[in-house]
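A.B. asks: Sequence positions in the sequence shown follow mature numbering (1 follows the signal peptide of the UniProt record, and there is no 0) and run -21 to -1, 1 to 261. The structure is given below, and queries will be raised subsequently.
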Amino acid sequence: MRSSFGLLVAMLVSFVLVASAANFYQDFDLTWGDARGKILNNGQLLTLTLDKFSGSGFQSKNEYLFGKIDMQLKLVPGNSAGTVTAYYLRSQESTWDEIDFEFLGNLSGEPYIVHTNVFSQGKGDREQQFYLWFDPTKDFHTYSVLWNPQRIIFSVDGIPIREFKNLESIGVPFPKKQPMRIYSSLWNADDWATRGGLVKTDWSKAPFTASYRNFKADACVWSQGKSSCSSTSGSRYAWLSQELDTASQQRLKWVQEKYMIYNYCKDTKRFSQSLPKECTAH
């Protein structure tokens, strides 16, 4: 009797652990690329592949309205020039909201460029680009988006690289009303991705593969017009009011001083009349 009871307890514990673990079969749909996208290792690993005929992509089953989204990625190794691995949140409407990570491939030995952007009501043009302080093709690293009503924070391995604040008070639209799905794709963009399109994709190096694991969404799921987050959410949803503390602000400054290579807020040629409002807000 005891042994069967112990077995039952063990089975229940294992079920709880499995149920609480992220699983790509449960969380995502492969949406294009035929068999170029694959879910492996009992749902613990997802890979996207690009060849000369097609790339591939996936999207989340759920829509979210605010959340802290984590994904570990290992980017295309070797000569990845011309390729783009996009990982982003986007709403469905014609005046859509979007929060972007895009990883622009490069020649072997050259650094990847991390391209970020924020769209609100169909308007983007808020690009910031960075190099990374590590080789993102050697191992998995965590790329995170914290999105709450006050701000959007992009982070890499827990280190903030960009903050976009809610400045609706001065007339800057902020994405806070449209639920978004998570998307990712690996595709050929050699007309612009590497050195402005000067370096083309070397198809002799294909297929190109990016890998994903350890997805986590501490987020408000949007379903049938309602949020899974209650108005009395309390500490369970602490990220809903999270902001950068002093140490995080210092890390953000370190990244932006050492690794930022493009900031739309400093592009006076592009914005020759006047910089966007959020760039001059204090």
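By construction, the Cβ of each residue, glycine as well, lies at the ideal position given by its N, Cα and C atoms.
From the DSSP output, which residues share a beta bridge with Lys205?
C.D. replies: Ser202
A.B. asks: Would Gln235 count as contacting chain C if we go by Cβ distances under 8 Å?
C.D. replies: Chain labels in this structure do not include chain C; a single protein chain is all it has.
A.B. asks: Using beta-carbon positions only, say whether Gly61 and Thr173 come within less than 8 Å of one another.
C.D. replies: yes
A.B. asks: Which residue's Cα is closest to the Cα of Ile48: Glu89, Phe109, Ser220 and Tyr122?
C.D. replies: Tyr122
A.B. asks: Taking contact to mean 3 or more Cβ pairs, one atom from each stretch, closer than 8 Å, check whether the segment 35 to 46 and the segment 191 to 205 are in contact.
C.D. replies: Output reads yes: the segment 191 to 205 touches the segment 35 to 46.
A.B. asks: Are Leu68 and Val124 closer than 8 Å when you measure CB to CB?
C.D. replies: yes
A.B. asks: Whose CA, out of Arg141, Met239, Lys245 and Gly57, lies closest to the CA of Val97?
C.D. replies: Arg141
A.B. asks: So the beta strand (DSSP E) Ala185 belongs to, where does it begin and stop?
C.D. replies: Counted as a single uninterrupted DSSP element, the stretch harbouring Ala185 is not any beta strand (DSSP E), since DSSP gives it neither H nor E.
A.B. asks: Pick out whichever of Tyr110, Val151, Asn167 and Ala217 has its Cα sitting closest to the Cα of Lys237.
C.D. replies: Selected option, being the one with the closest Cα: Tyr110.
A.B. asks: By DSSP, does Trp112 sit in helix, in strand, or in coil?
C.D. replies: coil
A.B. asks: Report the CB separation of Thr38 from Asp8 in whole angstroms; it is logged as a contact under 8 Å.
C.D. replies: Reading off the sequence, residue 38 comes out as Gln, not Thr. Gln38 to Asp8, Cβ: 6 Å. Contact.
A.B. asks: Per DSSP, what kind of secondary structure is Gly36 in: helix, strand or coil?
C.D. replies: strand
A.B. asks: The beta strand (DSSP E) that contains Gln5, what's its start and end?
C.D. replies: Counting along the chain, Gln5 falls outside any beta strand (DSSP E), though it belongs to the alpha helix (DSSP H) covering Phe3 to Asp6.
A.B. asks: In or out: Lys248 buried (at least 16 other Cβ within 10 Å) or exposed?
C.D. replies: exposed
A.B. asks: With a threshold of 8 Å, are at least 3 pairs of Cβ atoms found where one atom belongs to the segment 222 to 236 and the other to the segment 137 to 155?
C.D. replies: yes
A.B. asks: Output the boundary residues of the alpha helix (DSSP H) element that contains Trp233.
C.D. replies: Going by DSSP, Trp233 is part of the alpha helix (DSSP H) stretching over Thr225 to Lys237.
A.B. asks: Pick out the complete beta strand (DSSP E) segments inside the segment 63 to 107, 3 residues or longer, and give them in chain order.
C.D. replies: 77 to 83 and 92 to 98
A.B. asks: Determine the burial state of Leu(-15): buried for a count of at least 16 other Cβ atoms within 10 Å of its Cβ, exposed for fewer.
C.D. replies: For Leu(-15), the predicted model reports a pLDDT of 46, less than 50, meaning its position is unreliable and no value from the coordinates is stated.
A.B. asks: What number of angstroms, rounded off, separates the C-alpha of Cys208 from the C-alpha of Pro56?
C.D. replies: 39 Å
A.B. asks: Which word fits Glu147, buried or exposed, when buried means at least 16 other C-beta atoms lie within 10 angstroms of its C-beta?
C.D. replies: exposed
A.B. asks: How would you label Asp170, buried or exposed, when you count the other beta carbons within 10 angstroms and need 16 or more for buried?
C.D. replies: exposed
A.B. asks: Which value, in whole angstroms, describes the spacing of the CA atoms of Ala196 and Leu29?
C.D. replies: 26 Å
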